[in-house]
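For the sequence shown, position 432 matches number 433 in this note's numbering, and the numbering has no gaps at all. Inspection log for the structure reproduced underneath, given as structure tokens.
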Amino acid sequence: MPQDLKTIEQRLLWLSHWMIHHANHIRPKADGIKVGGHQASSASMVSILTALYFQILRPEDRVAVKPHASPVFHAIQYLMGHQTREKMENFRGYGGVQSYPSRTKDVDDVDFSTGSVGLGVAITSFAALIQDYIQAKSWGQDQQLGRMIALVGDAELDEGNIYEALQEGWKNDLRNCWWVIDYNRQSLDGIVREGLFQRVEKIFDAFGWDVVRVKYGVLQRAAFQEPGGEKLRQWIDDCPNQLYAALTFMGGAVWRARLMDALGDQGDVTALIERRSDAELADLMENLGGNCVSTMADTFAAIDHDRPVCFLAYTIKGWGTPIAGHKDNHGGLMNKTQMAAWQEYMGVPEGQEWDRFATIADPDAFERQLQNTPFFAKGPRRFKDDIIPVPSISLSSDREISTQMAFGKILDDLSKGDSLLAERIVTTSPDVTGTTNLGPWVNRRKLFARAHQADTFKAENIPSTAKWEFAPEGQHIELGIAEMNLFLLLAAAGLSHSLFGKRLIPIGTVYDPFVARGLDALNYACYQDARFIIVGTPSGVTLAYEGGAHQSIGSPLIGMSQDGLAAFEPAFADELAVIMEWAFGYLQKDGEGDPDERTWLRDETGGSVYLRLTTNPLEQPGKRVDDDFRQGAIDGAYWMRKPGPNCEVVIAYQGAVAPEAIKAAGEIAQGRRDVGVLAVTSADRLNAGWTAAQRARAHGHDSAQAHIETLLRDVPRDCILITVIDGHPATLSWLGAVRGHQTVSHGVEHFGQTGTIADLYRHFRIDAAALVQSASELSRGRKLPRNTPA
């Protein structure tokens with residue numbers, strides 16, 4: 002098997018590098034810009050990937066491949082017949098193999114998308130946690146546990162989210178997780194500092210990981226057994242990273258000269274060096290553990306437990322190629338002359354560059370052997386699970402209630418029942434469970450842990466509203482204060498149906514301003530098409546007494562701009578109930594991308610959902626059951642007060658400022674005709690439908706009309722639109738462009754401060770008086786009386 006692995010390794014090294022070379026030097030370029038592809042970063046990991054995929058992995062294992070090793074991953078798939086030559090030839094081109102592994106853009110079997118460094122590493126620990134969560138449940142006991150593996154570039158260890166994930170893993174008794182660090186000691190801008198490995202090992206050890214240092218390959222270990230071998234080992238250990246890289250690039254003759262300068266005239270070690278030709282000496286010195294496929298296979302195979310393991314695999318960046326070791330090789334590429342010489346060295350005949358088995362003596366036998374590789378034996382590993390029925394969700398709205406309180410009440414009602422939906426909900430929060438109204442749900446459904454942990458306060462008869470019992474059947478995963486971890490956990494849970502064949506309905510809560518703190522991980526989760534609900538609450542300056550640090554401004558724009566995420570900001574409890582019932586179904590959709598011609602939204606494709614809520618209790622509008630309201634709440638807007646035929650002012654509001662808008666409309670109606678009030682529940686969906694309808698018309702669908710176009714169709718052109726939101730005014734300011742109405746936008750553009758809600762609404766001009774003033778001064782007609790100072 003070691004020889005077979007070596008053959009596979011060399012095939013992967015060639016195919017990955019040829020794909021990059023073809024994209025940069027052979028394929029015609031329309032714009033003359035370098036395509037790139039990271040040859041050197043791929044080379045440093047080729048032995049590690051070969052050992053994993055062709056000897057160690059089993060179908061239940063999942064791997065996050067470091068972004069810059071993407072070419073090797075795709076070469077593996079191509080070698081196995083799971084990737085097409087057409088897409089390989091179009092590497093980094095439109096419709097071709099993607100720059101970095103992508104679950105949604107690549108056609109081969111990508112487990113986790115990677116690209117934003119550090120995130121692919123950390124998600125594996127949360128996938129391991131979700132795997133344990135599923136197996137602990139009565140409906141998931143048949144779950145076969147796999148290893149969640151990250152292939153890590155050493156520069157990724159600079160990313161702070163990795164250390165946040167390490168701590169969370171320790172708190173949750175992480176198991177079945179491997180991180181394999183490609184310790185090539187080179188990054189984009191230079192050489193890694195000396196001694197980094199010692200710090201890395203200490204950090205992992207502190208969090209309960211086993212650390213396996215893989216420094217020497219077979220050739221080196223054999224040489225160390227020869228007379229003088231210990232002196233050679235000591236020289237290797239003492240050699241600075243920069244010097245080792247430079248000597249690697251310069252080759253065998255320079256290795257010899259430098260080693261003889263340092264170790265010559267010492268008898269046994271001198272003889273050790275002199276017994277080898279320049280080429281053999283270079284092979285020896287570059288035979289680090291991470292570039293020795295048999296060493297890596299043996300190291301992986303020796304792990305016989307489920308504790309988390311960090312493998313620190315020493316490698317050479319650009320190993321096995323003419324650019325090995327050069328400090329500029331991160332973005333560097335072999336030129337045509339170098340590639341021609343390397344092709345001859347690799348034994349690939351001209352014209353057979355794309356042949357999967359070009360250098361193989363017996364291709365049929367070799368292919369049969371590949372097809373018996375355990376990891377690939379069961380074919381693609383994208384699973385599905387049944388759609389979970391969504392029960393009717395309603396909420397009494399006969400009293401004052403905030404949307405955050407209503408959210409907690411909806412979950413509490415679900416927790417009391419025995420629906421399959423309730424069984425599959427998993428909630429999580431970064432240390433704000435109680436203050437985001439998840440408490441009642443957690444009290445009934447418990448917190449998750451693999452082993453029971455009693456609530457000490459309950460055992461000691463100390464009164465508390467929080468009954469925090471940890472149990473395997475628990476349905477809440479409590480996190481520390483790290484929003485990156487929140488979104489990475491939601492990403493892992495939101496892929497459970499595909500990764501593990503068991504559908505979860507993940508719901509996370511976070512203070513709304515701190516959505517931005519986890520934004521990279523949120524984007525990463527959506528890019529993978531993970532499915533979850535994120536609740537940002539409390540939000541805006543409506544969270545008055547907390548001050549500017551806790552008052553979100555731009556989060557509605559995040560909701561609008563984030564692909565894969567439908568953003569809502571309901572004002573009333575009945576709106577929230579309708580939206581959540583819809584959202585539970587939307588999370589599970591997986592249809593084609595054809596738009597619904599009623600709204601021009603691609604609802605059948607499904608996605609995740611963002612709810613921006615508030616703690617301010619509002620008087621409710623009473624029971625509403627009409628279809629216009631229910632469908633409008635889902636589509637993004639409905640008329641709270643329909644405009645008349647001679648309408649002069651429309652107020653469009655989103656979220657907690659509803660009472661101000663409604664009050665202002667009443668006052669404006671004293672001096673303006675047929676005033677309308679548009680209740681916007683989702684500027685995101687309104688805007689998405691509008692731009693989609695415009696695209697449709699541009700493609701010849703002349704009758705395409707978005708929901709917002711339909712709503713504003715009969716509003717007179719000279720009517721003024723006044724928009725208001727407790728958030729950035731740009732969220733709604735575009736509404737005037739739909740039908741050409743003059744628009745005055747009210748919102749929050751600057752950091753908030755402490756005060757009462759009334760103080761802050763008045764300060765930011767999102768109160769009723771400010772809306773009346775805008776109508777009075779900026780619309781046609783007489784000045785309106787001011788009942789409240791603006």
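For every residue, glycine included, the Cβ atom is placed at its ideal position computed from N, Cα and C.
- In the three-state reduction of the DSSP assignment, W179 falls in the strand class, which pools E and B.
- Residue pairing by DSSP places H747 opposite V725 in a beta bridge.
- A Cβ-Cβ separation of about 7 angstroms places A65 in contact with L152 under the 8 angstroms criterion.
- Secondary structure of Y639 (DSSP, three-state): strand.
- By the Cβ rule, the segment 483 to 498 does not count as touching the segment 451 to 460, because fewer than three pairs are nearer than 8 angstroms.
- In the three-state scheme derived from DSSP, where H, G and I count as helix and E and B as strand, M149 is classed as strand.
- Contact check for L558 against H327 fails: the beta carbons are separated by 7 angstroms or more.
- Under DSSP, A314 forms a beta bridge with D183 and V215.
- In this structure, the alpha-carbon of G607 lies about 42 angstroms from that of E202.
- In this chain, F569 is not harboured by any alpha helix (DSSP H); it is covered by the beta strand (DSSP E) spanning L566 to F569.
- When C-alpha distances from L371 are compared across Q563, D768, I9 and L158, the shortest belongs to I9.
- T510 is bridged by DSSP to V536.
- Between A467 and K447, the C-beta gap is not smaller than 7 angstroms, which leaves the two residues out of contact.
- Looking from the CA of R740, the closest CA among G565, M251 and I709 belongs to I709.
- Residue nearest to W355 within the set G537, D715, S17 and L712 is S17 (criterion: CA-CA distance).
- In this structure, A684 lies away from W601, with their beta-carbon atoms at least 7 angstroms apart.
- Within the DSSP bridge table, the entry for F449 names A472 as partners.
- Rounded to whole angstroms, L313 and L491 show a C-alpha spacing of 28 angstroms.
- Relative to A694, the option among A705, P717, V270 and H453 whose CA is nearest is A705.
- Across the set L233, L80 and C648, the C-alpha of C648 shows the shortest separation from the C-alpha of L679.
- For T429, the enclosing beta strand (DSSP E) covers residues I426 to P431.
- Counted as a single uninterrupted DSSP element, the alpha helix (DSSP H) harbouring Q168 occupies residues G161 to K172.
- Under DSSP, Q655 forms a beta bridge with V681 and I726.
- Less than 7 angstroms separates the beta-carbon of F208 from that of L167.
- Closest in alpha carbon position to S540, among A699, I150, G475 and I726, is I726.
- Nearest Cα to I721 within the set Y762, F765 and A666: A666.
- Remark: C-beta atoms of T316 and D183 approach each other more closely than 7 angstroms.
- A direct Cα-to-Cα measurement between A258 and V181 gives close to 34 angstroms.
- In the DSSP assignment, S556 falls within the unbroken alpha helix (DSSP H) covering S556 to S562.
- In the DSSP assignment, H477 falls within the beta strand (DSSP E) that extends over H477 to L480.
- Under the three-state reduction of DSSP, R63 is assigned to strand.
- For F74, the closest alpha carbon among the candidates V118, K30 and M20 is that of M20.
- Rounded to whole angstroms, I506 and G586 show a C-alpha spacing of 10 angstroms.
- Contact check between the segment 559 to 578 and the segment 776 to 787: fewer than three CB pairs, one atom from each, fall below 8 angstroms, which does not count as touching.
- Rounded to the nearest whole angstrom, the CA to CA distance from K7 to L14 is 10 angstroms.
- Within the model, the alpha-carbon separation for A246 versus P72 is close to 23 angstroms.
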